[in-house]
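S.K.:
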Amino acid sequence: MDVIPKNDHDKVAFAVHATFLSVGFVLTATGSVALGDNVFSSTSTDEVGTDNWNEFEDHYAFFYTNPEKGSKKVLVKCLVMNRKLLVETLAENSSQPLHLEIDIDDYVGENTSGNYSALYNNLEKLVNGLEKEVISKLNCSAVDPPRMRKQVPILGTALAGIALPSTLSA
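Put into structure tokens, the structure is as follows:
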């Protein structure tokens with residue numbers, strides 16, 4: 265299934281999602297389902313597609329399990345504030361969310377050719393920032409920074425599923 269970004273925030277939110285996939289997380293809910301009151305009590309560990317991942321104009325939600333770490337559950341919410349994307353992450357049985365503020369303009373490229381590599385600037389910096397400030401602190405991923413750097417090509421493969429509507433590729 266193609267992922268269609270509506271705007272620059274969509275591009276960065278999808279890169280956040282792809283980073284979680286690249287380090288072993290499995291997506292189990294998106295959008296309004298991921299925001300449900302009972303999301304942490306759900307017993308489903310079935311992988312889902314990205315349907316409705318960008319159904320809201322000003323926020324995103326992704327819910328994951330990590331089968332490599334006993335299927336620990338993680339909720340990732342992204343909030344749009346002007347040209348920033350605020351990433352809030354909460355692990356199952358944790359009372360303290362992790363925070364990351366992403367400046368959209370640091371990571372969104374000039375996409376005039378429809379080329380996927382032109383969607384992003386500094387993708388490795390974005391991935392490393394997510395690893396340092398969020399993923400490494402979740403206590404459900406044993407990813408070290410050198411492994412993350414090797415994951416960037418895999419992340420690029422995940423990002424290759426993005427379909428570019430004519431309004432974004434022109």
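Residue numbers (the numbering used here): 265 to 434. Here a beta-carbon is modelled for each residue, glycine too, at the ideal position from N, C-alpha and C. Since the model is a prediction, treat every value here as computed from it, not as a measurement.
(1) Three or more beta-carbon pairs under 8 Å between the region 289-307 and the region 267-275, yes or no?
(2) Leaving out five residues on either side along the sequence, give the residues of the same chain with a beta carbon under 8 Å from the beta carbon of Y384.
(3) Taking DSSP as the reference, what is the three-state secondary structure of K337?
(4) From E319 to C342, what does the alpha carbon distance come to, in whole angstroms?
(5) Using the rule of at least 16 other Cβ atoms within 10 Å of the residue's Cβ for burial, across every protein chain shown, is K337 buried or exposed?
(6) Excluding sequence positions up to five away, which residues of its chain have a Cβ less than 6 Å from the Cβ of L394?
(7) What does DSSP give as the partner residues of H323 in its beta bridges?
(8) Taking C-beta to C-beta, are T309 and S335 nearer than 8 Å?
(9) Look at the Cβ atom of L398, then the Cβ atom of V351, and state whether they are nearer than 8 Å.
(10) Check each candidate in T353, N346, N316 and name the one with the smallest Cα separation from D367.
M.R.: By the coordinates alone:
(1) No, because fewer than three Cβ pairs between the region 289-307 and the region 267-275 fall closer than 8 Å, the two stretches do not touch.
(2) For the purposes of this step, residue 384 is identified with residue 120 of the sequence shown, where counting begins at 1. If the five residues before and after Y384 are omitted, its C-beta is found closer than 8 Å to the C-beta atoms of K275, A279, Y371, V372, G373, L390, L423, all from its own chain and listed in chain order.
(3) Residue 337 sits at position 73 when you count from the first residue of the sequence shown. Three-state DSSP puts K337 in a strand.
(4) Here residue 319 refers to the residue found at position 55 when the sequence shown is read from its first residue. Here residue 342 refers to the residue found at position 78 when the sequence shown is read from its first residue. About 13 Å.
(5) Within the sequence shown, the letter at position 73 stands for residue 337. Burial call: buried.
(6) Working through the sequence shown from its first residue, we reach residue 394 at position 130. By the criterion of a C-beta distance shorter than 6 Å, L394 is surrounded in its chain by T283, once the five residues flanking it on both sides are discounted.
(7) By 1-based counting over the sequence shown, the position of residue 323 is 59. In DSSP, H323 forms a bridge with L343.
(8) Walking along the sequence shown from the start, residue 309 turns up at place 45. Walking along the sequence shown from the start, residue 335 turns up at place 71. Yes, Cβ-Cβ distance for T309 and S335 is below 8 Å.
(9) As a first step, residue 398 is located in the sequence shown; it is residue number 134 there, counting from the start. As a first step, residue 351 is located in the sequence shown; it is residue number 87 there, counting from the start. It should be pointed out that residue 398 corresponds to Val in this sequence rather than to Leu. Against a cut-off of 8 Å, the Cβ pair of V351 and V398 comes out as a contact.
(10) Residue numbering aside, residue 367 sits at position 103 when the sequence shown is read from its first letter. Of the residues T353, N346, N316, the one whose Cα lies closest to the Cα of D367 is N346.
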